[in-house]
Amino acid sequence: MAGDTATAEQALAKIVRLAGARVMTADTVAAAKWGTKQPIDDPAREMTVLDRATTQAAKLGIDPATVRRIVEDQITANKTVQRALYAKWREEPFEQPTYHPDLATQVRPALDHIDSQLLIAIQQAQPLLHSPSCSALLDKMKATTSQALGLDAVHRTGFDQALTHTCPSL
Numbered sequence: 002m003a004g005d006t007a008t009a010e011q012a013l014a015k016i017v018r019l020a021g022a023r024v025m026t027a028d029t030v031a032a033a034k035w036g037t038k039q040p041i042d043d044p045a046r047e048m049t050v051l052d053r054a055t056t057q058a059a060k061l062g063i064d065p066a067t068v069r070r071i072v073e074d075q076i077t078a079n080k081t082v083q084r085a086l087y088a089k090w091r092e093e094p095f096e097q098p099t100y101h102p103d104l105a106t107q108v109r110p111a112l113d114h115i116d117s118q119l120l121i122a123i124q125q126a127q128p129l130l131h132s133p134s135c136s137a138l139l140d141k142m143k144a145t146t147s148q149a150l151g152l153d154a155v156h157r158t159g160f161d162q163a164l165t166h167t168c169p170s171l
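In my numbering, the protein residues as written are 2 to 171.
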């Protein structure tokens, strides 16, 4: 049992790290969309990501509702950071990105890779995600990871948002 707990804790730590990585990709997503007609909100793409995640969850034996709420939080967090960056760039034009990566060939594959790793981590963390100790452990891991990544206020907000429903209230 102790081995299962350690594995679940390691998986929760991986979920936290992946959430941090995904929040950091918001800068690249925003740079790809900046100055184009591509909106921050992309309901069709978001639905594709959610549908793919819940379908894969079912194949992996993970509760699709758990996966859906976690992935939705990841998407919401990414958009929160993008909006903050857009606001900053409008106020400070010298901060605007000069490089615009291709959304389809450069940005989305990176997000898809994070999302696939996230599913595996969720699968491994399942025993812990519904335990009374989940929230306290998650908070500790978030603090450590936020500091390690050197997240600024905008990215910390997104990071917290990305993990909002990881440990549902009991």
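C-beta: ideal position from N, C-alpha, C; glycine also.
Which residue wins for smallest C-alpha separation from residue i, given the options the options?
i: G62; options: L164, Q83, K38 and P128; result: P128
i: K80; options: Q148, G159 and I123; result: G159
i: T165; options: T6, D28 and I76; result: I76
i: D28; options: I16, I41 and V17; result: I41
i: D74; options: V50, K60 and W35; result: V50
i: R53; options: K141, A14, V72 and Q148; result: V72
i: Q162; options: G151, V17, Q118 and I123; result: V17
i: W35; options: A149, Y100 and T146; result: Y100
For residue i, collect the residues of the same chain with a Cβ closer than 6 Å to its Cβ; drop the 5 residues on either side in sequence, then sort them by chain order.
i: L120; result: Q57
Taking 7 Å as the limit between beta carbons, can you name the residues of its chain near residue i, skipping five residues before and five after?
i: D153; result: none
i: T8; result: Q125
i: K89; result: E96
i: E10; result: L129 and L138
i: C168; result: L130, C135, S136 and L139
i: V30; result: N79, Q83 and V108
i: T55; result: P65, V68 and R69
Within the same chain, show all residues whose beta-carbon is closer than 8 Å to that of residue i, passing over the 5 residues directly before and after it, in chain order.
i: T26; result: N79, V108, A111, L112 and I115
i: D103; result: A33
Practice task
Report yes or no: do the stretch 106-124 and the stretch 40-60 share at least 3 C-beta pairs separated by less than 8 Å?
Solution key: yes
Problem - Segment contact, 8 Å Cβ cut-off, at least three pairs: the stretch 16-23 with the stretch 56-70 - result: no
Practice task
Report yes or no: do three or more beta-carbon pairs, one from the stretch 129-149 and one from the stretch 77-95, lie closer than 8 Å?
Solution key: no
Handout entry: Length at least 4, wholly inside the stretch 13-68: the alpha helix (DSSP H) runs in chain order
Key = 27-34 and 44-61
Practice task
Say whether the stretch 73-87 touches the stretch 154-165, bearing in mind that this needs 3 or more beta-carbon pairs closer than 8 Å, one atom from each stretch.
Solution key: yes
Handout entry: Every unbroken alpha helix (DSSP H) within the stretch 97-159, with a cutoff of 4 residues, ordered by chain
Key = 109-130 and 135-150
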